[in-house]
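Novice:
Right, here's the structure in full:
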């Protein structure tokens, strides 16, 4: 919003001179030009006056200062004024009848003064110099105000792209627009479900108004892209928002197949071209952020559907073991990952595993599906976990050279209890014996996809009713928490869980599953006396 140009009668000039006649003469010249004059005799009095007026929010618009003051010379007074952040913008004009050399004028300008007058001087020159000083101060003020608004606009644009849902985006847009308009603002953003989200202090009072507003915004932007400003009169605009005058709508969208975003302000609110341009730029940024948010939500929905379609939601019945499986996506504010589990029968026993493709995107979910299917295919000929890990490592290098993944596999013979375990950069499996203390099985190896040497399988003997727990890191990893502490917490929680694999998974998700930052896959297994063929997952 442009600052109004003040007239002479709107301005106050401080005149500082210890000679009464000079002070009166200068004051008379300025008064005849329409300025209000505050006459003072000393620099100390001037500093006290300025401090009082600063506290009251009524600073003079300019100061006319004699160089030869009795307590502080005019140069030092100017330096003190310009060193105070609250007073420094006020222009200072020096004058003198004695200090008139080029050196004196240079000292005045170096002290921060805007001009230097040599007395005697014509009244017209005094008035012209004061006008020029006021004009320069006004331009500097307007430039600083514009720079501040542009800076806030840049900060607001960054804040928009931090929003994690349509409601957060609408709230952030309204907060960003408020300093630009100095009045109430309501921001509107459509979600992926076509629901209209309103942000700001002034919001629709009734839920029934939302569908009508959604239709109005879509019609106002029908056939248009870019930015458009329209007036919504009171019959179309709810009177609860901004009163009966209606609203001015700044709408924007990047593509015709996208719903518009909108910044609404009261129609009665006066603002100039500069503010309208800033609102238009903010609306453009809002449209880009909304489109990105919708694209992300759609991609996440596809990735979740893909992931769920290839991960069975119920545990298979495996001979000789009780097994429970869980896949839990991160909260809707986080990205999709590549976590997975597998459980199937082979001629050599039960093959179970948990893995995680590194990264968060639709690509990660796609690689997860290929990795899981490749594992099932390789397991028809190879049963040794270490051999399977090596083959999966080569598969990633060949077909997805940019991808890496972690994996922990266990081949268990339910009849003998022998377990062979291979670990490729994953969290170690947790052994839950029927009797004794729970402990992590020491087995390590490099990530899949790096082409590094993988060690042989680790052999572990499981007793009757002993259990095995495998999880992905999203369950326990938290920012600022040491992984060793998180693993110990997991060990204690699992050891104290009620009997049964389903109860174990439920306990872990109850304890660790609040506001997950990453996807989670869990596999809990406990040997049993059950036997017999069954399908695999």
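In the working numbering, the protein residues as written are 3 to 539. We treat Cβ as the ideally placed atom computed from N, Cα and C, and that holds for glycine.
What residue range is occupied by the uninterrupted beta strand (DSSP E) comprising residue 274?
Specialist: Position 272 of the chain shown, counted from the start, is the residue given in the question as residue 274. Taken as a continuous stretch (DSSP letters only), residue 274 belongs to no beta strand (DSSP E), as it is neither H nor E.
Novice: What separation, rounded to the nearest whole angstrom, lies between the Cα atoms of residue 299 and residue 260?
Specialist: Counting from one through the chain shown, the residue named residue 299 turns up at place 297. Counting from one through the chain shown, the residue named residue 260 turns up at place 258. Near 14 Å, if we compare the C-alpha coordinates of residue 260 and residue 299.
Novice: Out of curiosity, what's the CA-to-CA distance linking residue 230 and residue 159?
Specialist: Translated into the one-based positions of the chain shown, residue 230 becomes position 228. Translated into the one-based positions of the chain shown, residue 159 becomes position 157. Their Cα atoms are separated by approximately 19 Å.
Novice: Can you tell me where the beta strand (DSSP E) with residue 100 in it begins and where it stops?
Specialist: Here residue 100 refers to the residue found at position 98 when the chain shown is read from its first residue. No beta strand (DSSP E) holds residue 100; DSSP gives it neither H nor E.
Novice: Could you give the residue range of the alpha helix (DSSP H) that holds residue 340?
Specialist: Residue 340 sits at position 338 when you count from the first residue of the chain shown. Premise fails: residue 340 lies in the beta strand (DSSP E), 340 to 348, not in any alpha helix (DSSP H).
Novice: Under a Cβ-count criterion, where at least 16 other Cβ atoms within 10 Å of its own Cβ denotes burial, should residue 143 be classed as buried or exposed?
Specialist: Looking up residue 143 in the chain shown gives position 141. By the neighbour-count rule (16 or more Cβ atoms within 10 Å), residue 143 is not buried but exposed.
Novice: Would you call the CB atoms of residue 524 and residue 464 closer than 8 Å?
Specialist: Locating residue 524 in the chain shown gives position 522, where the first residue counts as 1. Locating residue 464 in the chain shown gives position 462, where the first residue counts as 1. For residue 524 and residue 464, no; Cβs fall outside 8 Å.
Novice: Which partner residues of residue 327 appear in the DSSP bridge assignment?
Specialist: By one-based count along the chain shown, residue 327 stands at place 325. Residue 327 pairs with 525.
Novice: Can you tell me the Cα-Cα spacing of residue 82 and residue 55, whole angstroms?
Specialist: Here residue 82 refers to the residue found at position 80 when the chain shown is read from its first residue. Here residue 55 refers to the residue found at position 53 when the chain shown is read from its first residue. Cα-Cα distance, rounded: 16 Å.
Novice: Please classify residue 544: does DSSP put it in a helix, a strand, or coil?
Specialist: Any answer about residue 544 is impossible in this case: the structure gives the chain only from 3 up to 539.
Novice: In the DSSP assignment, the beta strand (DSSP E) including residue 202 goes from what residue to what residue?
Specialist: Within the chain shown, residue 202 is the residue found at index 200, counting from 1. Unbroken run through residue 202: none, as it is neither H nor E.
Novice: In terms of residues, what are the limits of the alpha helix (DSSP H) holding residue 488?
Specialist: Translated into positions along the chain shown, residue 488 becomes position 486. For residue 488, the enclosing alpha helix (DSSP H) covers residues 485 to 497.
Novice: Let me know if residue 109 comes out buried or exposed under the rule of 16 or more other beta-carbons within 10 Å of its beta-carbon.
Specialist: Within the chain shown, numbered from 1, the residue matching residue 109 stands at position 107. The residue is buried, with at least 16 neighbouring Cβ atoms inside 10 Å.
Novice: Taking the alpha-carbon positions, what's the residue 354 to residue 526 distance?
Specialist: As a working mapping, residue 354 is identified with position 352 in the chain shown. As a working mapping, residue 526 is identified with position 524 in the chain shown. Going by the C-alpha atoms only, they are around 10 Å apart.
Novice: Quick check on the DSSP output: the alpha helix (DSSP H) that includes residue 92 runs from which residue to which?
Specialist: As a first step, residue 92 is located in the chain shown; it is residue number 90 there, counting from the start. Segment: none, residue 92 is in no alpha helix (DSSP H) and carries neither H nor E.
Novice: Report yes if the CB atom of residue 431 is closer than 8 Å to the CB atom of residue 390, and no otherwise.
Specialist: As a first step, residue 431 is located in the chain shown; it is residue number 429 there, counting from the start. As a first step, residue 390 is located in the chain shown; it is residue number 388 there, counting from the start. No, they are not a contact pair.
Novice: Which residues mark the beginning and the end of the beta strand (DSSP E) in which residue 357 is found?
Specialist: One-based indexing of the chain shown puts residue 357 at position 355. Where residue 357 is concerned, the enclosing beta strand (DSSP E) stretches over 351 to 359.
Novice: What is the rounded straight-line gap between the Cα of residue 3 and the Cα of residue 329?
Specialist: To locate residue 3, count along the chain shown from 1; it is residue 1. To locate residue 329, count along the chain shown from 1; it is residue 327. Confidence at residue 3 is low in this model, with a pLDDT of 38, below 50, so the placement of that residue should be treated as unreliable; the coordinate-derived value is given next. A direct Cα-Cα distance of roughly 54 Å separates residue 3 from residue 329.
Novice: Taking buried to mean at least 16 other C-beta atoms within 10 Å of its own C-beta, is residue 1 buried or exposed?
Specialist: One cannot answer for residue 1 here, as it falls past the ends of the chain, which runs 3 to 539.
Novice: Measuring straight from C-alpha to C-alpha, what distance separates residue 412 and residue 422?
Specialist: To locate residue 412, count along the chain shown from 1; it is residue 410. To locate residue 422, count along the chain shown from 1; it is residue 420. Their backbone Cα atoms lie some 6 Å apart in a straight line.
Novice: Taking one C-beta from the stretch 110 to 124 and one from the stretch 88 to 100 each time, how about it: are there three or more such pairs within less than 8 Å?
Specialist: Taking 8 Å as the limit for Cβ pairs, the verdict is that the stretch 88 to 100 does touch the stretch 110 to 124.
Novice: Since I believe residue 15 is in contact with residue 132 (beta carbons under 8 Å), could you give me their beta-carbon distance rounded to a whole number of angstroms?
Specialist: Stepping through the chain shown from its first residue, residue 132 is reached at position 130. Stepping through the chain shown from its first residue, residue 15 is reached at position 13. With 8 Å as the limit, residue 132 and residue 15 qualify as a contact, their Cβ atoms being about 6 Å apart.
Novice: Just how far apart, CA to CA, sit residue 454 and residue 406?
Specialist: Counting from 1 along the chain shown, the entry for residue 454 is found at position 452. Counting from 1 along the chain shown, the entry for residue 406 is found at position 404. If I take the Cα positions, the gap works out to 12 Å.
Novice: By how many angstroms is the C-alpha of residue 275 removed from the C-alpha of residue 67?
Specialist: Taking the chain shown and counting its residues from 1, one reaches residue 67 at position 65. Taking the chain shown and counting its residues from 1, one reaches residue 275 at position 273. Their Cα atoms are separated by approximately 38 Å.
Novice: Whole angstroms is fine: what's the gap from residue 383's alpha carbon to residue 442's?
Specialist: One-based indexing of the chain shown puts residue 383 at position 381. One-based indexing of the chain shown puts residue 442 at position 440. Distance between the alpha carbons of residue 383 and residue 442: 29 Å.
Novice: Quick one: grab the DSSP three-state call for residue 508.
Specialist: Locating residue 508 in the chain shown gives position 506, counting from the first residue. If DSSP states are grouped into helix, strand and coil, residue 508 belongs with the helices.
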